[in-house]
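**Q** Heads up: the sequence lines are chains A and B, in that order.
Residue 1 is where the first sequence starts when you use UniProt numbering, and the numbers rise one by one after that.
Residue 1 is where the second sequence starts when you use UniProt numbering, and the numbers rise one by one after that.
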Amino acid sequence: MTDLGPLIPRNRAIHPEPYDPGYKTSVTRSPNLPLLSLESGPSEETGPAFGHGLIGALDNNLILNWTQGAAPAVGERILLHGRVLDENARPVRNTLVEIWQANAGGRYRHKKDSYFAPLDPNFGGCGRTLTDDEGRYEFLTIRPGAYPWPNRGNDWRPMHIHVSVFGHSFGQRLITQVYFEGDPLIAHCPIAATIKSRAQLDRLVAPLDLAHSRPQDYLAYKFDIVLRGRRQSMFENKLEGM
Amino acid sequence: MVQKLDILQETPSQTAGPYVHIGLMPSYTGNGQIFAQEVGVSPIEEGAEGEIIEIVGSVFDGTGWALRDALIESWQPDAKGRFAGQEGADPKVSGLCRFAADATSGEFTLRTIKPGAVRNRAGVMQAPHISLWIVSRGINIGLSTRIYFDDEDNSADPLLGRIEQSPRVETLIAKTEAPGRYRFNIRLQGTDETVFLDL
Ligand SMILES: [Fe+3]
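(1) Among B:T29, B:F83, B:N31, B:W65, which has the Cα closest to the Cα of R29 of chain A?
(2) Could you pull the DSSP bridge partners for A178 of chain B from this structure?
(3) Return the Cβ separation of P6 of chain A and R121 of chain B in integer angstroms, given the expectation that the two are a contact with Cβ distance under 8 Å.
(4) Assuming I14 of chain A and S169 of chain A are in contact, meaning their beta carbons sit under 8 Å apart, how far apart are those beta carbons, in whole angstroms?
(5) Quick one: Cα of I175 of chain A to Cα of V163 of chain A, how far?
(6) Confirm the yes/no value for this check: CB of G17 of chain B, any heavy atom of ligand 2, distance under 6 Å.
(7) When the distance is taken between beta carbons, is V97 of chain A closer than 7 Å to L227 of chain A?
(8) I want to see whether chain A comes within less than 7 Å of E45 of chain B, judged by CB atoms only; does it?
(9) Could you check if residue 245 of chain A is buried or exposed, using at least 16 other CB atoms within 10 Å of its CB as the buried criterion?
(10) Tell me which same chain residues have a C-beta within less than 8 Å of the C-beta of A49 of chain A, skipping the five on either side of it?
(11) Helix, strand or coil, according to DSSP, for T131 of chain A in the structure here?
(12) Within this structure, are the beta carbons of P43 of chain B and L96 of chain B separated by less than 7 Å?
(13) Assuming V165 of chain A is part of the beta strand (DSSP E), what are its boundary residues?
(14) Go ahead and pull the three-state DSSP assignment for E46 of chain B.
(15) Give the DSSP-derived three-state secondary structure of A220 of chain A in the structure shown.
(16) Please state whether the Cβ-Cβ distance between D61 of chain B and R137 of chain B is less than 7 Å.
(17) Do you know how far the Cα of G190 of chain B is from the Cα of I161 of chain A?
(18) Using a Cβ-Cβ distance under 7 Å, would Y108 of chain A count as near chain B?
(19) With three or more beta-carbon pairs closer than 8 Å as the criterion, would you say the region 98-106 of chain B touches the region 150-165 of chain B?
(20) The beta strand (DSSP E) that contains L80 of chain A, what's its start and end?
(21) Listed in chain order, which residues of the region 107-132 of chain A have Cβ atoms closer than 9 Å to some Cβ of chain B?
(22) Just verifying my parser: in three-state terms, what is the DSSP assignment at M242 of chain A?
(23) What residue range does the alpha helix (DSSP H) around residue 251 of chain A cover?
(24) Just mark F116 of chain A as buried or exposed, buried being the case when its beta carbon has 16 or more other beta carbons within 10 Å.
(25) If contact means a Cβ-Cβ distance below 8 Å, which residues of the region 16-28 of chain B contact chain A?
(26) Are the C-beta of F108 of chain B and some C-beta of chain A separated by less than 7 Å?
(27) What separation, rounded to the nearest whole angstrom, lies between the Cα atoms of residue 203 of chain B and V205 of chain A?
(28) Thinking C-alpha only, which one of A:L64, A:P9, A:G106 is nearest E87 of chain A?
(29) Between the region 54-83 of chain A and chain B, which residues of the former have CB atoms less than 7 Å from a CB of the latter, in chain order?
(30) Return helix, strand or coil for E44 of chain A, following the three-state DSSP convention.
(31) Out of A:L4, A:N11, A:D20, which has the shortest C-alpha to C-alpha gap to N140 of chain B?
(32) Among A:T46, A:L140, A:D133, A:G153, which residue has its Cα nearest to the Cα of L62 of chain A?
(33) Strictly under 7 Å for the Cβ-Cβ distance: is R137 of chain B near chain A by that measure?
(34) Three Cβ pairs or more, each shorter than 8 Å: is that satisfied between the region 111-118 of chain B and the region 44-52 of chain B?
(35) On the three-state DSSP scale, how would you describe T28 of chain A?
(36) Of the residues that make up the region 153-178 of chain A, which ones have a beta carbon closer than 7 Å to any beta carbon in chain B?
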C-alpha cells in the first residue's frame, strides 16, 4: 500500500476548549492533564471503509426515512449539502456522513428528551450517506427547532444538526454541529461559545444557498467539512532512537 | 503580504451532546427501525481468527461518577496485526465497534478478538492494542486513547515508553478479571486520569 504520510497534527487552537465553565458538563468531563502528542501510525492512519450496500435508499432523506416513505415529517423542508475535503483540499470520497437532529419543534426522539414540544410521528431524526467522487453529500430534512436545555437558568440551543464524519483514517474522526445563518441564538449558546474564535465558529454556520434550493419544494443550506490531511514528503527520515 | 498556503483548516469539533445515540446507535434508544443495518455493531464476525475477549469498564467523570451517556468507538487490527482493507486481512474482522455505556449502570462491554501487534511508523513493534475514541455530552472534542493488555509484554512499546510518569502507564492497561475477560476503566479527570492521546 502506498504510504500517504502521517496525519497532519491537529491544530487544537481552532477547536473548542475542553474545559469551559460556561458549559457546565464540561467541567467534570475534560481531562486536566496534557494529551500525549506523538506522530500517527497505522492505528490512526487506517480506518473502516463502508460499502454502498450499507446505505438504504431513504437513509439520507429524514423527511421520509422514519416512515419508510409513508408520510412526510412536519417542518420547513431543507436540503443540507456540501463537500468533505481534507486539509490538502482533496475530496474525501466514499466516506460515511451521519447526522442527527431534533424535530421542527425542538424535540429529539430519544428516551432522555422530555421537552414538552411534541414528537412528530413521522420524524425519526437521523440520516446517513456516503460522499461521492467529489466528496459531495446531501440530506433532505426539516429545519430543526431551537430547544431549551438545563445549563444556566435560561439556555437555549440554536437550531443545529449534529454531524459525524469518518474520513479514511480513525485519526480523522470528527463530530461537529451545523448552525444556520441568521440564527440569533448562536451568539448566546454556551456550547457554540466553547469555540473561542468567532471566525472559527462562523465556519460551523451554514449559509442559505438559494441557488441550490428547489422552487416550491425546499431551501438549501451549504455546509463544507474539512478533515485532517496527510503530510507527504520526499524526505522521510526516521528519528534517531525511535 | 506573503504567498497564500494551499492548506485548509480542519472543521472545529462540537460536543456529540446527550442524544448522540440517535445518530450513531439508533437501536440503543429504540429507533432501530430506521436503518436496515447499523454501523459498528460488532468488530468481528463468527469465525474470526484469534482469541475472543471481552473488555468491560466504565467512563468516570471528575467526581467518580460513571457516565451513563458515553459512546465509544474502537478500532483494531486482526489477530495477525492487519487492518481491514490491508492485504491478507482476516475478512471476518471489520475492526470497528460502537458501544455505549449502559443507561442504568454506566458499564460498557466490548466483545472482540485480541488484536495482533503492529509496527509504528519508525518500524518499532508496538504491543497489541485497541484504539478508542470517546464522545459524550460535556466532551467538546472526542478523546483518543488505547487499550493495552496486562498479559502481553508491554515493556518495549514506544507509546507507553513516552509516558513520563510511569505509574500513568497503568491507566492504558486492561486488567485480567477472568480468562478472556478484562476490565478497562477510563477516568476523565482526577487521580489516575487516563492518558489521552493527540496523534
Ligand atoms: Fe442537539
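We put the beta carbon where it would ideally sit given N, CA and C, even for glycine.
**A** By the coordinates alone:
(1) Against the first sequence, residue 29 of chain A aligns to sequence position 29. Looking at the Cα atoms, B:W65 is the closest of the given residues.
(2) Here residue 178 of chain B refers to the residue found at position 178 of the second sequence. Beta-bridge pairing links A178 of chain B to B:R181.
(3) As a working mapping, residue 6 of chain A is identified with position 6 in the first sequence. As a working mapping, residue 121 of chain B is identified with position 121 in the second sequence. Between P6 of chain A and R121 of chain B the beta-carbon gap is near 6 Å, inside 8 Å, which marks them as a contact.
(4) Sequence index remark: in the first sequence, residue 14 of chain A carries index 14 (1-based). Sequence index remark: in the first sequence, residue 169 of chain A carries index 169 (1-based). Actually they do not touch by this definition, with Cβ atoms about 19 Å apart.
(5) The sequence position of residue 175 of chain A within the first sequence is 175, counting from 1. The sequence position of residue 163 of chain A within the first sequence is 163, counting from 1. Answer to the nearest angstrom: the Cα atoms are 6 Å apart.
(6) Ligand 2 is absent from the structure shown, which contains only ligand 1.
(7) If you number the first sequence from 1, residue 227 of chain A lands on position 227. If you number the first sequence from 1, residue 97 of chain A lands on position 97. No, they are not a contact pair.
(8) For the purposes of this step, residue 45 of chain B is taken as the residue at position 45 of the second sequence. Taking Cβ atoms only, chain A never reaches closer than 7 Å to E45 of chain B, which makes this a no.
(9) A query on residue 245 of chain A cannot be resolved here, the shown segment of chain A reaching from 1 to 242 and no further.
(10) As a first step, residue 49 of chain A is located in the first sequence; it is residue number 49 there, counting from the start. Cβ within range, chain order: N94, H168.
(11) Here residue 131 of chain A refers to the residue found at position 131 of the first sequence. Of the three classes helix, strand and coil, the one that applies to T131 of chain A here is coil, per DSSP.
(12) Counting from 1 along the second sequence, the entry for residue 43 of chain B is found at position 43. Counting from 1 along the second sequence, the entry for residue 96 of chain B is found at position 96. Yes, the Cβ-Cβ distance between P43 of chain B and L96 of chain B is below 7 Å.
(13) Counting from one through the first sequence, the residue named residue 165 of chain A turns up at place 165. Element bounds for V165 of chain A: 160-165.
(14) Residue mapping note: residue 46 of chain B aligns to position 46 of the second sequence, counting from 1. Three-state DSSP puts E46 of chain B in coil, outside helix and strand.
(15) By 1-based counting over the first sequence, the position of residue 220 of chain A is 220. In the three-state reduction of the DSSP assignment, A220 of chain A falls in the strand class.
(16) Stepping through the second sequence from its first residue, residue 61 of chain B is reached at position 61. Stepping through the second sequence from its first residue, residue 137 of chain B is reached at position 137. Not a contact, by the Cβ cut-off of 7 Å.
(17) In the first sequence, the residue the question calls residue 161 of chain A occupies position 161. In the second sequence, the residue the question calls residue 190 of chain B occupies position 190. So the two alpha carbons sit approximately 33 Å from each other.
(18) The sequence position of residue 108 of chain A within the first sequence is 108, counting from 1. So yes, Y108 of chain A belongs to the interface.
(19) no
(20) Here residue 80 of chain A is taken as the residue at index 80 of the first sequence, counted from 1. That run of the beta strand (DSSP E) goes 77-86.
(21) Y108, R109, H110, K111, K112, D113, G124, G125, C126, G127, R128
(22) Stepping through the first sequence from its first residue, residue 242 of chain A is reached at position 242. Interpretation of M242 of chain A is limited by its pLDDT of 44, a score under 50 that renders its predicted location unreliable; no figure is taken from the coordinates.
(23) Given a span of 1 to 242 for chain A in the structure shown, any question on residue 251 of chain A remains unanswerable.
(24) Residue numbering aside, residue 116 of chain A sits at position 116 when the first sequence is read from its first letter. F116 of chain A should be labelled exposed.
(25) Cβ contacts with chain A come from A16, G17, P18, Y19, V20, H21, I22, G23, L24, P26.
(26) Looking up residue 108 of chain B in the second sequence gives position 108. So, not an interface residue.
(27) Nothing about residue 203 of chain B can be read from this structure; chain B reaches only from 1 to 199.
(28) Residue 87 of chain A sits at position 87 when you count from the first residue of the first sequence. Minimum Cα distance to E87 of chain A is reached at A:P9.
(29) L54, G56, D59, N65, W66
(30) Taking the first sequence and counting its residues from 1, one reaches residue 44 of chain A at position 44. In this structure, E44 of chain A counts as helix in the three-state DSSP scheme.
(31) For this step, residue 140 of chain B is matched to residue 140 along the second sequence. Of the candidates A:L4, A:N11, A:D20, the one whose C-alpha sits nearest the C-alpha of N140 of chain B is A:D20.
(32) Along the first sequence, one-based indexing puts residue 62 of chain A at 62. Out of A:T46, A:L140, A:D133, A:G153, A:L140 has the C-alpha closest to the C-alpha of L62 of chain A.
(33) As a first step, residue 137 of chain B must be located in the second sequence, where it is residue number 137. Answer yes: the Cβ-Cβ gap between R137 of chain B and chain A drops below 7 Å somewhere.
(34) At 8 Å Cβ cutoff, the stretches touch.
(35) The residue given as residue 28 of chain A occupies position 28 in the first sequence. Residue state, collapsed to three classes: helix.
(36) Those residues of the region 153-178 of chain A that come within reach of chain B (Cβ to Cβ, closer than 7 Å) are H162, S164, F170, G171, R173, L174, I175, T176, Q177.
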